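Just so you know, we're using our numbering here: the sequence shown kicks off at 5 and counts up by one.
Built from N, CA and C at the ideal position, the CB exists for glycine as well.
Computed from a prediction, not measured in an experiment: that's the story for all the values here.
Below you'll find the structure, written out as structure tokens, and then a few comments.
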Amino acid sequence: MGIRMALGASAGEIRAMILVQSGRLVILGLAAGTLGSVFLTRLLSAQLYGVSPGDPRTLAAVAALLAAAALLASYLPARKATRVDPMLALREE
């Protein structure tokens with residue numbers, strides 16, 4: 005990130021790049037998790053109380069909550085990293 009900023013990339017471009025890369029991983033993880041939960045609901049259906057195993061609203065709510073947490077977890081370090089002086093980061097490397 006320090007090299008990109010030293011070459012002229014803005015802090016917003018760096019944050020956007022990190023969020024796009026993180027977003028791709030989040031989407032892949034949510035797809036795999038949703039697919040796994042659909043196939044494994046029969047095993048866990050005895051432990052569910054008040055929710056049907058394939059409830060789309062519950063799946064969507066959990067996916068949205070996990071996506072928000074994952075993107076927040078990637079945004080905060082990206083914001084902190086873009087506040088570092090690029091020349092200071094390059095000197096330490």
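Inset, instruction - Label Val30 either buried or exposed according to how many other C-beta atoms from any shown protein chain fall within 10 Å of its C-beta, with 16 as the threshold for buried. - result: It is buried - the Cβ of Val30 has at least 16 other Cβ atoms within 10 Å.
Legend entry - Gly54 vs Val42 beta-carbon contact at 8 Å: no
Legend entry - Pairwise C-alpha distance: Leu39 and Ala67: 12 Å
Inset, instruction - Alpha carbon to alpha carbon, how far is Gly37 from Leu80? Give it in angstroms, no decimals. - result: 24 Å
Inset, instruction - Consult DSSP for Ala13 and reduce its assignment to one of helix, strand or coil. - result: coil
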